[in-house]
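A.B. asks:
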Amino acid sequence: MERKSKMELDLKTYFAMLWKRKWIIGLIVIVSSLAAWGISTVYVTPLYQATTKIVITKAADSPGAPALDINTMLLNVKLVDTYKELIVSPAIMEIVSKRYPELKLSAEQMLKKVKVISGKETTLFTIQARETSYEKASQLVNAVSETFKQQIQTIMKTDNIVILKEADSLNPPPVTPNIQFNTIIAFIVSLIVASGCFIASDLLSDTIKTEDDVMEHLKVPTLAVIAKLRRKELYKNKRKSFPSQVGEAKNVTVN
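Residues 166 to 420 (my numbering) make up the sequence shown, in order.
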């Protein structure tokens, strides 16, 4: 019980200490948040993301064949990882770079901008491309998808790729930077760091600030406490100590 009371007292002490410095902490938090917002808005280049969805299905070179069976499905699921590696291979990107010179990108540059993702146990995967404008991103991802669909017939001797969805012509907002997220993170981090620094400074300081500190460090009871006197109270007491006498002239004119 005593330990709990002491903990509550310490928490109250730290809260009171932080409350006294609320203006400094608030200023640090505001400056940090504005800095994060400014950097994200002005100095970070926005990137746009376009995607296409591709599914592996039954080869088109078997007319009249029955619908997909479980064995074919399992095979296609295993092909997903192979196809993902093929898409982001230098061989495919070299072909894309040559076929689409208007993109003005080398194979190495495309490899840094293109990414392939997929779920588990599925024949569906997504190709993503990020560029400084959505138009460039959509052109790049569509070019990679079309080139891969054509090249897979030569590489794997099959035509089992279907492009479900090409990148549309919409103009969505950039995916990076996330200005709101960066500002919120800066707000939270600066608040924690500023508060932590003040608490650490108070813990490391050996300055005696209160009568409780005297009792804790010197192990002696407090005999007297000098109350804090504000300037307004001092001025008010001074006025009371020297009252104006009745009839006393306050202003004297000298001719």
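Glycine is no exception: its CB is placed at the ideal position from the N, C-alpha and C atoms.
Out of Phe363, Leu368, Thr216, Leu369, which one is the CA nearest neighbour of Arg186?
C.D. replies: Reading the sequence shown from its first residue, position 21 is the one you call residue 186. For the set Phe363, Leu368, Thr216, Leu369, the Cα lying nearest the Cα of Arg186 is the one of Phe363.
A.B. asks: The beta strand (DSSP E) with Tyr213 in it runs from where to where?
C.D. replies: Against the sequence shown, residue 213 aligns to sequence position 48. 213-221 is the span of the beta strand (DSSP E), which, as asked, contains Tyr213.
A.B. asks: Please go through the same chain and pick out, in chain order, the residues whose beta-carbon is closer than 6 Å to the beta-carbon of Ile291, but skip the five residues on each side of it.
C.D. replies: Numbered from its first residue, the sequence shown carries residue 291 at position 126. Looking at the sequence itself, residue 291 is Thr, so the reference to Ile does not match. Once the five neighbours on either side are set aside, the close Cβ partners of Thr291 are Thr216, Lys218, Ile282.
A.B. asks: If you reduce the DSSP assignment to three classes, tell me which class Glu259 lands in.
C.D. replies: Numbered from its first residue, the sequence shown carries residue 259 at position 94. Helix at Glu259.
A.B. asks: Bridge partners of Thr247, per DSSP?
C.D. replies: Residue numbering aside, residue 247 sits at position 82 when the sequence shown is read from its first letter. Beta bridge pairing from DSSP links Thr247 with no other residue.
A.B. asks: Which term fits Gln214, buried or exposed, when burial requires 16 or more other beta carbons within 10 angstroms of its beta carbon?
C.D. replies: For the purposes of this step, residue 214 is identified with residue 49 of the sequence shown, where counting begins at 1. Gln214 should be labelled buried.
A.B. asks: Distance, Cα to Cα, Phe313 vs Leu356?
C.D. replies: The residue you call residue 313 lines up with position 148 of the sequence shown. The residue you call residue 356 lines up with position 191 of the sequence shown. Whole-angstrom Cα-Cα distance: 50 Å.
A.B. asks: Considering only the alpha carbon of each residue, which of Asn307, Ile221, Ala181 lies closest to Ile317?
C.D. replies: Residue mapping note: residue 317 aligns to position 152 of the sequence shown, counting from 1. Ranking Asn307, Ile221, Ala181 by Cα distance to Ile317 puts Ile221 first.
A.B. asks: In terms of residues, what are the limits of the alpha helix (DSSP H) holding Leu317?
C.D. replies: Sequence index remark: in the sequence shown, residue 317 carries index 152 (1-based). Note that residue 317 is Ile in the sequence shown, not Leu. Looking at the DSSP string, the run of the alpha helix (DSSP H) that includes Ile317 is 299-320.
A.B. asks: Let me make sure I understand the geometry here. Which of Ser254, Ile328, Gln345 has the alpha-carbon closest to that of Leu289?
C.D. replies: Residue mapping note: residue 289 aligns to position 124 of the sequence shown, counting from 1. Comparing Cα positions, the closest option is Ile328.
A.B. asks: Determine contact between the segment 256-270 and the segment 176-193, defined as no fewer than three beta-carbon pairs at a distance below 8 Å.
C.D. replies: no
A.B. asks: May I ask which residues mark the beginning and end of the alpha helix (DSSP H) holding Leu192?
C.D. replies: Looking up residue 192 in the sequence shown gives position 27. Start and end: 187-203.
A.B. asks: Can you check whether the CB of Leu212 is closer than 7 Å to the CB of Thr341?
C.D. replies: One-based indexing of the sequence shown puts residue 341 at position 176. One-based indexing of the sequence shown puts residue 212 at position 47. In contact: Thr341 and Leu212 (Cβ atoms closer than 7 Å).
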